[in-house]
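In our numbering, the protein residues as written are 921 to 1675.
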C-alpha cells in the first residue's frame, strides 16, 4: 500500500478515484471509517488499509503485518474481509492460534459487544435491581490500547512512506498544482483548494520519514502559510515531527496516516483536477490522493467558499454524505399514564360552584398529551428501561403540577436568570450540575473533591445508623423522614475518593445518586442518602472528561482522553458498549431525551451520534473549528446544539443529518448550552463571562426542508445571528460553567468568581 509509486505512468494507466461512495461496496476504502476494526484509537490504525497493489514484496509484507495485528486483537471478520479483498490465499497466515470463536466482530460500526451475543440480548440482561451480581469479565473483549502507545505492527505500516521520486520536486509539484487551482474558474477554485491541506500534510510526512529534514523544513516554511487558519493548531503539532524517530508511535501521525481525509467535491471540479494530473503525469500527487483522500463526489453546482467553510475544519475533513443517511428515531417515548390527583386548591375549588369545570379539563389535557405516540419515536421496548418506582411516580406528578405553573417563554417574555457564584473557590471549580427539581447543586473541583449544596431551606441529612434504623416503625406514613438523622443536617457535604481533578458531574433523575468523573481514569457513583461512594467504575485508562446520566436513569455515558466513549449501567462494573471512532479526546457527552442515542463531542472537532442498541455511529457532524465542549438536545429530540472553543453555536437537524444554523456572538469557549423546557429559548454560557439567550423557535421556524439537499451537500446558512439573539447578560468576572432551566423556566447559571 505504498503511498508513492516510483516513476511516471501513462495517462491511461492512472486509476480512477471512486466517484460515488456507494458505487463499489468492496472497493470503498473507508466504508467502516476505521471504527469497525477497533475498540480503541490505538487499534484503529489499519482501518484505512484496503487497496493493496499486488506484486510488490514490501506491500505484501505490510499487508501481512496488518493482518497479524488484526488477528492478534481477535478481529477475525476484519481479517477475512481484508484477506479476500487483497486476493490472498486462505493459508497466508499460520492457522495455528487462529482467532478464537466468540472473538469480537468488527461489524458493529465502532462498538464492541463486551458480553457477546446480539445487542438486544445484552441489554435485556441488564436488571434494574442494584443488588444483582455483576457479570464475570468477558474473555473475548479486545484490549484497549493507550493513545500514543508504541505499536510495532502499526509502525510497520509507516514504511508506506518510502519515497522513490526526487524530493527536490515536491515543492515544484505542490507549487504547480497551486498555480493550476488559482487559474481555474472561481466556481471551482474554492472546492479544489480543499486539496491543499491533506496534500501538504502527507508530502511533508513523506519527506520527514525519508530523512530529508532540510527539504521538509523548507517545504513546511514555504507552504504552511497557505493553509486555512483553523488548521493552525494541527500544523503546530505537525511542525514538531521534524525527524523520523519523532514519528514512531505518535498518535497525531497515526491519525493523519490511517484516516482518509474526506473531501466533498462536485463532479465538474473533480474532472478538472483529474484531467490536470493526468496531463502532467504527476504521479506523486496522484498516489497521495488515491491513498490518503476520500473524494465524495456529488452531481450539481459546485459549492461556494462560504458553504465549504461552514462544513470544514475537522481533523479528517468533512463527514461523508452516506454517514448521515441512517434512519434515526429522534421522537420521544410515550409518557407513562399517571393520574394527576387534585391538590388542596382544586378540592377547595370543587366546593365552589362553576370552578371544577375550569380546573378539570386543564388536568385532563395534561394526561391526554402523554397518550399520543410520536411517529418518529423508537419502540417503547427498543432498549430495556427501568420500571417506575412509586417515588418516581410521585416525582412525575410533582413535575406535571409544576408544568401547569410554567412560564411561557418567547422574545417578549424572557426568563429571569439566577446566577450561583462560587466565591473563594481556590480548589478550582471544574464542573457543576443541578438536580432536575433544582433543589441541589454539585461542584467538581481540581483538589479531587465533590461538593454538594442544598439550594433550598431543607438541609442535607444522612440516613441513620443500622442500629437506629432497627428501632423505626417501618409502617408509619412518615418513615422516609424518620430514617434521616437530624444530627447530620448541614447545608453542604464534601465527598472524598478521587485522586485527581473532577472534570464531569451528573445527578441521577431521581436525585438519589451522583456521578463524577476524574483525571484518575475512574467514574464514581455516590449515594445522596449516605454521601458515600457506592461504586468506582474502571475502564478508562486516562482522564475521563465528562459523564452523564440517562434521562431515564440506570444508564450513563462517559468519554475521555482515550477517545472511546463508554455506555454503562449502574449495576454493571464493566461497560455495556464502547463507541470508538473519534480521532482525539472526547470532551463532552449527552443523552438524547429518549435515551436511545448518545452524542459525543471531541477535540477532533466533530460530533458523533451513536445508537445505544447496536453501537453504530448514525451521525457525524463537522463544522466547528475548535474542540467541542457543549452539547444540548432540544426537548422534542429533533435538534442538537453544539458549542466549541471557536465561540460559535451550531444547530443541527438530527433527522436530515445536516447543519441549519450558526449563532455568532461569544468571544471565547462555550461551556454550557441548555434549551428551555419547551424549547423556545436556547441559553449559552461561555468563558467570556456572559450568558446569551437565542430565539430557538424562530431558528426552527425559518428552517426549510428545501435547504436539506443531501444529494449535493449544499448547506445555506442564514446570517441572522443578531436577529436570533434576544439578550446578553454579563457577569462581573465569572466564567459560566453550567446552565439549567427549572421546571417553571427560571434559568439558573453557575460559575466560579475569577478575580
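All C-beta atoms, glycine included, are put in the ideal place defined by N, C-alpha and C.
1538 is the residue among 1545, 1538 and 1585 whose C-alpha sits nearest the C-alpha of residue 1573. Judged by DSSP secondary structure, residue 1212 falls within the alpha helix (DSSP H) whose first and last residues are 1203-1212. DSSP places residue 1006 inside the alpha helix (DSSP H), whose first and last residues are 996-1006.
Looking only at 1096, 1532 and 1313, the smallest Cα-Cα distance to residue 1302 is reached by 1532.
For the options 1006, 1375 and 1458, the alpha carbon positioned closest to that of residue 980 is the one of 1006. Residue 1582 sits buried, since 16 or more C-beta atoms from the chains shown fall within 10 Å of its C-beta. For residue 1225, the secondary structure class from DSSP, reduced to helix, strand or coil, is helix.
Assignment of residue 981 by DSSP, reduced to helix, strand and coil, places it in the helix class. Beta-bridge analysis with DSSP links residue 1468 to 1477. By a beta-carbon distance limit of 8 Å, residue 1579 contacts residue 1230. Their separation comes to about 7 Å. Exposure of residue 1346 is indicated by the presence of fewer than 16 other C-beta atoms within 10 angstroms of its C-beta. Its Cα nearest to that of residue 1534, the residue 1248 stands out among 1506, 1165, 1248 and 1606. In this structure, the CA atom of residue 1196 is about 12 Å from the CA atom of residue 1098.
Straight-line spacing of the CA atoms in residue 1211 and residue 1173 works out to 15 Å.
Looking at 1467, 1359 and 1250, the one whose alpha-carbon comes closest to that of residue 1516 is 1250. Shown here, residue 1549 sits in a strand according to DSSP, grouped into three states.
Here residue 1343 is exposed. Its C-beta has fewer than 16 other C-beta atoms within 10 Å. Annotation: the segment 1138-1219 contains the following complete segments of the beta strand (DSSP E) (minimum length 3 residues), in chain order: 1181-1186 and 1213-1218. Here residue 1227 is buried, its C-beta having at least 16 other C-beta atoms within 10 Å. As the crow flies, the alpha-carbon of residue 1474 is around 11 Å from that of residue 1432.
As the crow flies, the alpha-carbon of residue 1354 is around 32 Å from that of residue 1234. When C-beta atoms of the segment 1553-1568 are compared with those of the segment 1334-1342, fewer than three pairs fall below 8 Å, so the two segments do not count as touching. Comparing C-alpha distances from residue 1540 to each of 1662, 1090 and 1524 shows the shortest one belongs to 1524.
Taking 3 residues as the shortest admissible run, the segment 1409-1449 contains the following complete beta strand (DSSP E) segments, listed from N- to C-terminal end: 1412-1415, 1422-1427, 1433-1438 and 1442-1447. Selection 1108, 1118 and 1241 evaluated against residue 1222 yields 1108 as nearest (Cα-Cα). Ranked by how close their Cα comes to the Cα of residue 1609, the residues 1615, 1576, 1570 and 1652 have 1652 in first place. For residue 1158, same chain residues with a beta-carbon under 6 Å away, outside a window of 5 residues either side, do not exist. Separation of the CB atoms of residue 1480 and residue 1462 is rounded to 6 Å, and the pair is thereby assigned contact status at 8 Å. Excluding five sequence positions before and after residue 1350, the CB atoms of its chain that fall closer than 7 Å to its own CB belong to 1364, 1365, 1366, 1421, 1422 and 1423, given in chain order. Between the alpha carbons of residue 1115 and residue 1637 lies a gap of roughly 23 Å. Per DSSP, residue 1091 is one residue of the alpha helix (DSSP H) stretching across 1090-1103.
Residue 1548 and residue 1483 have their C-alpha atoms some 13 Å from each other. Close CB contacts of residue 1607 within its chain, under the 7 Å cut and outside five residues either way in sequence, are with 1588, 1589, 1591 and 1655 (chain order).
About 6 Å separates the beta carbons of residue 1476 and residue 1435, which is inside the 8 Å limit, making them a contact pair. Residue burial annotation: residue 1392 is exposed, with fewer than 16 other C-beta atoms found within 10 angstroms of its C-beta.
In the structure shown, residue 1607 adopts coil according to DSSP, grouped into three states.
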